[in-house]
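In order, the protein sequence lines correspond to chains H and W. Position in the first sequence (from 1) plus 125 gives the number in the working numbering. Position in the second sequence (from 1) plus 62 gives the number in the working numbering.
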Amino acid sequence: MDVSQYLEIFIDETNGHLQILSDCIMTLEKEPENMDVINEIFRAAHSLKGMAGTMGFKRMQRLTHDMENVFQEVRSGNMNVTSSLVDVLFQCLDAIEAYLDNVKESSDEGTDDNEAIIKELNDILAAGTGNASEEEKKPEPADDKKAGGDDKKYSKKYLEIELSEKEKEELKEAEKKNMSIYGLTVFIQEECLLKAARAFLVFKAVEDFGNIIVYNPSSQDIEDEKFGVDFSFYMVSNEDINKIMEVAQAVSEIEKVIGEKMTYSELTAAVEKREAAEAKAAETKAQEAKAAEAKAVPAPQAAATSAAQPAQATAKKSTPGKPVTNRTVRVDIEKLDALMNQVSELIIAKNSLVSIGSTSDSGSGGANSQAFHEQIEYLERITTGLHESVMKVRMVPIESVVQKFPRMIRDLSKKLDKKMELQMTGEDTELDRTVVDQIGDPLQHLLRNSADHGLENAETRRKRGKPETGTIHLNAFQEGNNVIIEVSDDGNGIDTENVKSKAIELGLITPEQGAALSQKEIIDFLFMPSFSMAKKISDISGRGVGLDVVKSNIEALGGDVEVKSVLGEGSKFIVRLPLTLAIIQALMVEVRGEKYAISLGSIETIEEILPQDIKYVQAKEVIHIRGMVIPLVRLDQLLDCAPDETEKESLTVIIVRKGDKFAGLIVDELDGQQEIVIKSLGKYINNSTKIISGATVLGDGEVALILDVNTLF
Amino acid sequence: MANNVSIAEDGKKQFIVVKIGSEQYGIDISYVDNIVRMQKITRVPKVQPYFKGIINLRGEIVPVMSIRTKMDLEPDEFTDVTRIIILKLEEHGVLGILVDEVKEVVTLAPDEIDKVSYDAKNNKSNFINGVGKNGEELISLFDTNSIIDETEAV
């Protein structure tokens, strides 16, 4: 067996534990007396230590070990949680995360010993408990006590192990060499998902001390997870059994380890009892195969101690080791992508059928074409359903991204010396996995921006009659085919006059131009590359690689950013993201014979207007419709089509919407609604205007371009 | 770029000979994924002028480039021998280039290829990294990688 196959589990779990630690420490800072939280932290630190140890990451183990020591003291009431302790703990988390990153990249924890942090931890420990950092922890006494009470539940199953001649020889040899023989049975928590991995980690841990002679069930069965919640083994070692049991216990999700030192004669006596009853097993292999059966036939001792055991054992046989409660499957994202591609192809094929159907039935009617149409509609329903299901599978809550933010705001609060808190709502809003993976950085940037530029310091806030603690609010929700994430703060808001003068200073506009700019146009300067309002550069923000990156990142995901700001009251950044990146419902339109697709999500209404309805405002074409003045965009001009001289009696206008802004697109023809698969234009085409966001293959094999109407505003 | 070119056992290389205008050009066969007939090219607005547009190649979107426009020759004229050569370039994916006609496949030994010296004044020769002699005829050999130079791949 090889550790690398468990690396992924290790990384996953460590991430999980780190998140728990981070959350708990945050809570702990607010409620230093909360015993539940302290216990939770202790448990997580303990598991981390165990896992790091078994995976052979000594530095990580050492660090977590020291963290655990500190919590041991906190738990037993010898120490109080102070702000400095919390700071150091967060440093520890960062260090562990750094180890984990190294592990992810190179399967190695790296070489940073983090001595400074460890020293700080120990200093705190020493100061807190009043004695020098004498190690007085050792395994939790509570567990030892529990062992007594739990003996009934945990029978000494290792006594049931059958031994072959060869194994007996080995044991005998070992005893001759003055090594001790230990019999151990390990019980894994019932809800554990990867029992084989746990078993492996246990073996790996104990093998540091000696050799395992025989397993029950066989090592192959253990590897294949063909066992219940326990497994037993005999090993020979020079170490003390308590030490071995301790390391085995340290593996996470191990419920209990029982074991004792045995002599060879005791061992053989137990075995012989059973051997007398059973046919003599000749070869090791045959015996190992039987090992599983042996479990169902409880040894006399086991039967005596626990009556429930046989029933349990037979029950286990019918459902070999798989927990019933957990009904989820982990799937590689690449497999999902492959599935998604196939669904896309299916939709294209379906669209071809639809277009064949609509052209062939014009001439010959009849029952055949009726049936054909019904089947096509049926197929359409299925493919739409299939698409939705696949999309749902790919959806994950944004929680995984935003959960690290409270910690970040806390750090920023210290660093900037401002009081602030982060409120989050709608963390359960779901987005496509690929979007979620990439939304973290832009959001982080916006939060930093709010913390650094938005919120005022406590003094200013007091003067303005605001609560001293600034509030940053992160809110996510779904709106139609989009997901909206809002980052708002109750800080200073954007000083547009300041921005304007900065823009003039940078030579982006002349003062005269500046006077004519709207609030929104001024705010848009903030999204320009290398435009920074920070008076001095800090490591938080101010390098001018900020909002423009946010904007381009979000636009790359097919979304957009909008800002609303009231000077003195705060600002709100609104990020709008598409639910999915792969397949959309679109309206097909024709402009001078060229086909374009417009996402249905952004279409508000479709209007038929007369040429004389077009009015002019500031020499731009607008229409006045239902009380709104909407600017018009002639798509043929925008897309550099050949000019059309013919006068039209009426114009088809598609009213599109982005946020609270509207625009009317003039098109020649409407070709109906279609489900389209978005494909990239490839890397060669320099699509700098971004009007075309992609292309799609239509049912008849023709290619249509997808218009991104968001770029028109 | 010579080390990027596929080398047959005895150092010979195979080239697809195409006609663009009055000249013959050779394209290293190892970069050629496919040769397809002229089909409907969907124009993409607001892109580099030498990009004719995109085509649907068995469900994949493939951009198509006009070598003529890129080399400042007169615009393409589409006939029934016009072909689109689909090139597969490492890292950059698939790209189609328009040629007037596909003639044949030739095998050239190293001594049949003359290197051309780089001429900074003439942009056109940037795409050519050698001249092959096939009997009496001369074939300009495309440097496939420089057809799309790095600065243009976005």
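Note that beta-carbon positions come from the ideal geometry of N, C-alpha and C, so glycine has one too.
(request) Return yes when the Cβ of T554 (chain H) is within less than 7 Å of the Cβ of I523 (chain H), no when it is not. (result) Contact: yes.
(request) Answer yes or no: do A583 (chain H) and E593 (chain H) have a C-beta to C-beta separation smaller than 7 Å? (result) Inclusion of A583 (chain H) and E593 (chain H) in the CB contact set at 7 Å is warranted, their separation being smaller than that value.
(request) Report, in whole angstroms, the separation of the C-beta atoms of L757 (chain H) and V747 (chain H), which I expect to be a contact under 8 Å. (result) Indeed, because the Cβ distance is near 6 Å, the residues count as touching under 8 Å.
(request) Let me know the secondary structure DSSP gives L188 (chain H) once reduced to three states. (result) Judged by DSSP in its simplified three-state form, L188 (chain H) adopts helix.
(message) Residues in the same chain with beta-carbon distance under 8 Å from V168 (chain W), minus the five sequence neighbours each way, listed in chain order, please.
(response) For V168 (chain W), same chain residues with a beta-carbon under 8 Å away, outside a window of 5 residues either side, are Q76, F77, V79, G88, G194, N196, I201 in chain order.
(request) With 9 Å as the C-beta to C-beta threshold (strictly closer), list the residues of the region 817-834 of chain H near chain W in chain order. (result) The region 817-834 of chain H vs chain W, Cβ under 9 Å: I817, G819, A820, T821, V822, L823, G826, E827, V828, A829, L830.
(request) Please state if the CB of L461 (chain H) and the CB of R532 (chain H) are separated by a distance shorter than 7 Å. (result) Taking the C-beta atoms as reference points, L461 (chain H) is found no nearer than 7 Å to R532 (chain H).
(request) Rounded to whole angstroms, what's the CA-CA distance from S377 (chain H) to L704 (chain H)? Just pull it up for me. (result) Spanning the two alpha carbons is a distance of roughly 37 Å.
(request) Report the residue ranges of all alpha helix (DSSP H) runs contained in full by the region 659-738 of chain H; include only those spanning at least 4 residues, in chain order. (result) If one requires a minimum length of 4 residues, the alpha helix (DSSP H) runs lying completely within the region 659-738 of chain H are 672-681, in chain order.
(message) Using CA atoms only, rank isn't needed, just tell me which of H:A767, H:K815, H:S147, H:I136 is closest to D536 (chain H).
(response) Ranking the options by Cα distance to D536 (chain H), first place goes to H:S147.
(request) Locate the beta strand (DSSP E) running through K114 (chain W), then write down its first and last residues. (result) Counting along the chain, the beta strand (DSSP E) containing K114 (chain W) begins and ends at 113-119.
(message) So, under 8 Å CB-CB, D162 (chain W) and T144 (chain W) are touching, yes? Tell me the CB distance rounded to an integer number of Å.
(response) Indeed, because the Cβ distance is near 6 Å, the residues count as touching under 8 Å.
(message) So, for N191 (chain W): in the same chain, excluding its five sequence neighbours on each side, which residues have a beta-carbon less than 8 Å away from its beta-carbon?
(response) For N191 (chain W), where only same-chain residues beyond five positions count, the Cβ hits under 8 Å are M63, A64, K177, V178, L203, F204, D205, S208.
(request) Return the CA-CA distance between R200 (chain H) and V560 (chain H), expressed in angstroms with no decimal places. (result) Taking the straight line from one Cα to the other gives about 41 Å.
(message) So if DSSP puts H598 (chain H) in a beta bridge, which residue, or which two residues, is it bridged to?
(response) According to DSSP, which records beta bridges pairwise, H598 (chain H) is partnered with H:Q548, H:S613.
(request) Starting from the beta carbon of I116 (chain W), find every residue of chain H whose beta carbon is closer than 7 Å, and list them in chain order. (result) Ordered by position in chain H, the residues that pass the 7 Å Cβ test against I116 (chain W) are L806, A820, V828.
(message) I want to see whether chain H comes within less than 7 Å of D205 (chain W), judged by CB atoms only; does it?
(response) No, no contact with chain H.
(request) Name the two residues that bound the continuous beta strand (DSSP E) containing Q799 (chain H). (result) Following the DSSP letters along the chain, one finds Q799 (chain H) inside the beta strand (DSSP E) bounded by residues 794-802.
(message) Please identify, using Cβ separations under 8 Å, the residues of the region 94-110 of chain W that lie next to chain H, in order along the chain.
(response) Those would be K102, T104, R105, V106, P107, K108, V109, Q110, in chain order.
(request) May I ask which residues mark the beginning and end of the beta strand (DSSP E) holding R99 (chain W)? (result) Its beta strand (DSSP E) spans residues 94-99.
(message) Given this structure, state the Cα-to-Cα distance separating I779 (chain H) from F787 (chain H), to the nearest angstrom.
(response) Going by the C-alpha atoms only, they are around 10 Å apart.
(message) DSSP three-state label for M753 (chain H), please.
(response) If DSSP states are grouped into helix, strand and coil, M753 (chain H) belongs with the strands.
(message) Can you tell me whether Q500 (chain H) is buried or exposed? The criterion is at least 16 other CB atoms within 10 Å of its CB, across all chains shown.
(response) By the neighbour-count rule (16 or more Cβ atoms within 10 Å), Q500 (chain H) is not buried but exposed.
(message) If you reduce the DSSP assignment to three classes, tell me which class M304 (chain H) lands in.
(response) Here M304 (chain H) sits in coil by DSSP.
(request) Compute the beta-carbon to beta-carbon distance between A330 (chain H) and I347 (chain H), rounded to the nearest angstrom, for a pair I have assumed lies under 8 Å. (result) The pair is not a contact, with the Cβ atoms about 14 Å apart (cut-off 8 Å).
(request) Run the CB neighbour count on L326 (chain H), radius 10 Å, all protein chains shown included, and call it buried at 16 or more, exposed below. (result) Under this definition L326 (chain H) is a buried residue.
(message) Nearer than 6 Å: is that true of the beta carbon of N336 (chain H) relative to any heavy atom of the ligand ZN?
(response) This structure does not include the ligand ZN; it has no bound ligands of any sort.
(message) Strictly by DSSP, which residues pair up with M127 (chain W)?
(response) DSSP output for M127 (chain W) lists W:F113, W:I159 as bridge partner(s).
(request) Name the residue from W:V164, W:P111, W:E136 whose alpha carbon lies nearest to the alpha carbon of M100 (chain W). (result) When C-alpha distances from M100 (chain W) are compared across W:V164, W:P111, W:E136, the shortest belongs to W:V164.
(request) Can you tell me which of the three DSSP states G789 (chain H) falls into? (result) Strand, per DSSP.
(request) Output the distance between the C-alpha atoms of A139 (chain H) and F182 (chain H), rounded to the nearest integer angstrom. (result) Before going on, a small fix: residue 139 (chain H) reads as Thr here, not Ala. Going from the Cα of T139 (chain H) to the Cα of F182 (chain H) covers about 12 Å.
(message) Measuring straight from C-alpha to C-alpha, what distance separates T585 (chain H) and F215 (chain H)?
(response) Between the alpha carbons of T585 (chain H) and F215 (chain H) lies a distance of about 29 Å.
(request) Output the residue ranges of the beta strand (DSSP E) runs that lie fully inside the region 548-581 of chain H and measure 3 residues or longer, sorted by chain position. (result) Within the region 548-581 of chain H, the beta strand (DSSP E) runs of at least 3 residues that lie entirely inside it are, in chain order, 555-557.
(request) Name the residue from H:T621, H:G565, H:I619 whose alpha carbon lies nearest to the alpha carbon of L682 (chain H). (result) With distances taken between Cα atoms, L682 (chain H) lies closest to H:G565.
(request) Can you give me the Cβ contacts of G797 (chain H) inside the same chain, cut-off strictly under 8 Å, excluding the 5 residues immediately before and after it? (result) The answer, listed in chain order, is L712, M713.
(request) From the DSSP output, in three-state form, read off R455 (chain H) for me. (result) The answer is coil: DSSP assigns R455 (chain H) none of H, G, I, E or B.
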